[in-house]
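Residue numbers (this note's numbering): 148 to 279.
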């Protein structure tokens with residue numbers, strides 16, 4: 148459990164908030180790439196922005212520029228460099244993958260009551276007795 152603004156939040160709730168934040172960061176990145184495309188090419192297509200963001204995944208600047216110029220020879224190297232810089236600065240960091248399924252193919256189970264279970268009456272999240 149995490150204590151935020153006087154309330155306890157379960158781990159899964161915090162993870163959901165972090166996923167939402169990552170999603171917003173990706174939307175912001177896509178918007179920025181679309182703006183750059185609009186400024187340089189006269190059109191900012193969301194699908195093209197996503198393609199370019201995916202194309203940059205795991206590549207060095209040189210490899211990205213080579214890949215984008217292979218896809219579209221009319222693309223300027225300067226624009227490719229600018230897009231790579233934006234993507235590398237704004238893209239959320241990769242997180243470790245989700246827990247692997249066990250041998251029977253089912254995901255690990257949550258404790259009884261799940262992560263959303265509230266502490267027992269009279270106890271705090273860390274098992275200490277509350278005192279008045």
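Even for Gly, the Cβ is constructed at its ideal location relative to N, Cα and C.
Source: prediction; values computed, not measured.
Residue 225, enclosing alpha helix (DSSP H) - first and last residue
Within the chain shown, the letter at position 78 stands for residue 225. For residue 225, the uninterrupted alpha helix (DSSP H) run begins and ends at 224 to 237, by DSSP.
Relative to the C-alpha of residue 217, which residue among 184, 239, 199 is closest?
Start at 1 with the first residue of the chain shown, and residue 217 comes out as number 70. The shortest C-alpha separation from residue 217 is found at 199.
Between the C-alpha atoms of residue 235 and residue 163, what's the straight-line distance to the nearest angstrom?
For the purposes of this step, residue 235 is taken as residue 88 along the chain shown, with counting starting at 1. For the purposes of this step, residue 163 is taken as residue 16 along the chain shown, with counting starting at 1. In this structure, the alpha-carbon of residue 235 lies about 24 Å from that of residue 163.
How many Å lie between residue 224 and residue 203 at the Cα?
Position 77 of the chain shown, counting from 1, holds the residue named residue 224. Position 56 of the chain shown, counting from 1, holds the residue named residue 203. Taking the straight line from one Cα to the other gives about 14 Å.
Near residue 208, which residues of its chain fall below 6 Å by C-beta distance, leaving aside the five closest residues on each side in sequence?
Position 61 of the chain shown holds residue 208. Same-chain partners within the cutoff: 231.
Could you give the C-beta distance for residue 214 and residue 206, rounded to a whole number, given that I count them as a contact under 8 Å?
Stepping through the chain shown from its first residue, residue 214 is reached at position 67. Stepping through the chain shown from its first residue, residue 206 is reached at position 59. At roughly 7 Å, the Cβ-Cβ gap stays under 8 Å, so residue 214 and residue 206 are in contact.
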